[in-house]
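Asks: Chains as they are written, first to last, in the numbering used here: chain D, 1 to 172; chain G, 1001 to 1172.
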């Protein structure tokens, strides 16, 4: 199935000049959801992933599905103040200002094999911060998976130390 | 498996006097995640669910897993301003002030069979608003599932018109 056809392009969201890639129609289509889940899981099956880390909020959808399909645990990376127990935190740059991501300190054991997942790779700032959090917990990053990579933005370069995978890419 | 044992109780989060029921340790435990997913899916298998609606953000984890296991589509209900296309919106009361939830207008077709999912049922305000959104799109609500019901709060009473299901409940 051509999953790209299920992604909706929304001009000028969330701000003028940005084309938002909306995965909602893909998720709402049961065949597309199955196809996406199967293709993502196939890529990492056999790699003995211990934990699938999802980034708040849409990354949670993919991480839950992948953890379930791979027989792994699922770990949340969230914006500051959302996780209730002891956390590690990492600041990163947004276009305007900064944001902080957190992970529970006890969510990953040293040496565990970790797959990081989010819906879209744009500039890579969020995922780079999430990867740092996993490394601070001494997790071993096996792969970083996205549904979509925006190849006209510098995310791939920024995450070049990792094994990147995506199902759909946009060149412009 | 006793899933309640995998839930962490955190006193005074997010504010004094509240015991936060933290599902993170359950999600992080691969056997517990499988057990949870199997039990939730078993309950609704055979009911021909078309769409599983998840509430931002932890509800997305459960909704993704359930949609995948049931062969359904997955629909996001999000806080105001997060969904990029045309939405229906519903205001609801928080302890202090109000909040607004949104759903994409085209995410559910009239007559589709819908399962709503979130992690915890507390006062029920959020889920009641999500259910109204589904009904406004003429979806048929088959069930409302939670990982946890807090039975010392009025959520069950507030959602009494729906077929409620949960894996874990707390009486106090």
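The beta-carbon is built from N, C-alpha and C at its ideal position, and this holds for glycine as well. On a predicted model such as this, the values are computed, not experimentally measured, just so you know.
Look at the alpha carbon of residue 1108 of chain G and the alpha carbon of residue 155 of chain D, and state the distance between them as a whole number of angstroms.
Replies: Going by the C-alpha atoms only, they are around 33 Å apart.
Asks: Select from D/21, D/31, D/19 and D/50 the residue whose C-alpha is nearest the C-alpha of residue 139 of chain D.
Replies: The shortest Cα separation from residue 139 of chain D among D/21, D/31, D/19 and D/50 belongs to D/50.
Asks: Quick one: grab the DSSP three-state call for residue 180 of chain D.
Replies: Absent from the model: residue 180 of chain D. The displayed extent of chain D is 1 to 172, so no value can be given.
Asks: Might you give, ordered along the chain, the residues of its own chain that have their beta carbon closer than 8 Å to the beta carbon of residue 94 of chain D, omitting 5 neighbours on each side?
Replies: 125.
Asks: Helix, strand or coil, according to DSSP, for residue 102 of chain D in the structure here?
Replies: Correct three-state label for residue 102 of chain D: strand.
Asks: Establish whether the CB of residue 1007 of chain G and some CB of chain D are separated by less than 8 Å.
Replies: No, its Cβ sits nowhere closer than 8 Å to a Cβ of chain D.
Asks: Report yes or no: do the segment 1061-1081 of chain G and the segment 1039-1050 of chain G share at least 3 C-beta pairs separated by less than 8 Å?
Replies: Yes, the segment 1061-1081 of chain G is in contact with the segment 1039-1050 of chain G.
Asks: Bridge partners for residue 1170 of chain G per DSSP, in chain order?
Replies: Answer is G/1150, bridged to residue 1170 of chain G.
Asks: Express the C-alpha separation of residue 170 of chain D and residue 1009 of chain G in angstroms, rounding to a whole number.
Replies: Residue 1009 of chain G and residue 170 of chain D: Cα-Cα distance of roughly 44 Å.
Asks: Between residue 1029 of chain G and chain D, is any beta-carbon pair separated by less than 8 Å?
Replies: Yes, contact with chain D.
Asks: When DSSP labels each residue in this structure, what does residue 1065 of chain G get in the three-state scheme?
Replies: Helix at residue 1065 of chain G.
Asks: Measuring straight from C-alpha to C-alpha, what distance separates residue 1027 of chain G and residue 1005 of chain G?
Replies: So the alpha carbons of these two residues sit roughly 12 Å apart.
Asks: Does residue 20 of chain D have its Cβ less than 8 Å from a Cβ in chain G?
Replies: With 8 Å as the cut-off, residue 20 of chain D counts as an interface residue toward chain G.
Asks: Taking Cβ-Cβ distances shorter than 9 Å, what residues in chain D pair up with residue 1100 of chain G?
Replies: Simply none; closest approach about 16 Å.
Asks: What is the DSSP secondary structure of residue 83 of chain D, counted as helix, strand or coil?
Replies: The answer is coil: DSSP assigns residue 83 of chain D none of H, G, I, E or B.
Asks: State buried or exposed for residue 1081 of chain G, treating a residue as buried only when at least 16 other CB atoms are found within 10 Å of its CB.
Replies: Classification for residue 1081 of chain G: exposed.
Asks: Could you give the DSSP three-state label for residue 74 of chain D: helix, strand or coil?
Replies: Of the three classes helix, strand and coil, the one that applies to residue 74 of chain D here is strand, per DSSP.
Asks: Would you mind reading off the limits of the alpha helix (DSSP H) that contains residue 132 of chain D?
Replies: Segment 125-136, the alpha helix (DSSP H) holding residue 132 of chain D.
Asks: Taking Cβ to Cβ, would you say residue 1035 of chain G is nearer than 8 Å to residue 1001 of chain G?
Replies: In contact: residue 1035 of chain G and residue 1001 of chain G (Cβ atoms closer than 8 Å).
Asks: At 8 Å on the CB atoms, spell out the chain D contacts of residue 1051 of chain G, in chain order.
Replies: In chain order: 28.
Asks: Looking at residue 1020 of chain G and residue 110 of chain D, is the spacing between their C-beta atoms short of 8 Å?
Replies: No, these two residues do not count as a Cβ contact at 8 Å.
Asks: At a CB-CB cut-off below 7 Å, which residues of chain G make contact with residue 107 of chain D?
Replies: Ordered by position in chain G, the residues that pass the 7 Å Cβ test against residue 107 of chain D are 1024 and 1028.
Asks: Tell me whether residue 1045 of chain G sits in a helix, a strand or coil according to DSSP, three-state version.
Replies: In the structure shown, residue 1045 of chain G sits in coil (DSSP, three-state: anything other than H, G, I, E or B).
Asks: On the DSSP bridge assignment, give the partners of residue 141 of chain D in chain order.
Replies: According to DSSP, residue 141 of chain D bridges with D/114.
Asks: At which residues does the beta strand (DSSP E) containing residue 1097 of chain G begin and terminate?
Replies: Run containing residue 1097 of chain G: none; DSSP gives neither H nor E here.
Asks: Report the neighbours of residue 1084 of chain G on chain D: residues whose CB is nearer than 9 Å to its CB, in chain order.
Replies: Going along chain D in sequence order, the residues near residue 1084 of chain G (Cβ under 9 Å) are 8, 10, 13, 14, 20, 22 and 24.
Asks: Quick one, which residues of the segment 1045-1070 of chain G are near chain D if we go by CB-CB under 8 Å, in chain order?
Replies: Answer in chain order: 1050, 1051, 1054, 1056, 1057, 1058, 1060, 1061, 1062, 1063, 1064, 1065, 1067, 1068 and 1069.
Asks: So what's residue 1051 of chain G in DSSP terms, helix, strand or just coil?
Replies: In this structure, residue 1051 of chain G counts as strand in the three-state DSSP scheme.
Asks: Expressed to the nearest angstrom, what Euclidean distance is found between the alpha-carbon atoms of residue 1104 of chain G and residue 1087 of chain G?
Replies: Residue 1104 of chain G and residue 1087 of chain G: Cα-Cα distance of roughly 4 Å.
Asks: Less than 8 Å separating the beta-carbons of residue 147 of chain D and residue 106 of chain D?
Replies: No, the pair does not count as a contact, with Cβ atoms beyond the cut-off.
Asks: Taking the beta carbon of residue 1161 of chain G as the centre, do at least 16 other beta carbons fall within 10 Å, making it buried, or is it exposed?
Replies: Exposed, since its Cβ has fewer than 16 Cβ neighbours within 10 Å.
Asks: Round the Cβ separation of residue 45 of chain D and residue 70 of chain D to the nearest angstrom and send it over; I've been treating them as touching at under 8 Å.
Replies: Contact holds; Cβ gap of about 6 Å.
Asks: Return the CA-CA distance between residue 25 of chain D and residue 7 of chain D, expressed in angstroms with no decimal places.
Replies: Each residue's alpha carbon lies about 6 Å from the other.
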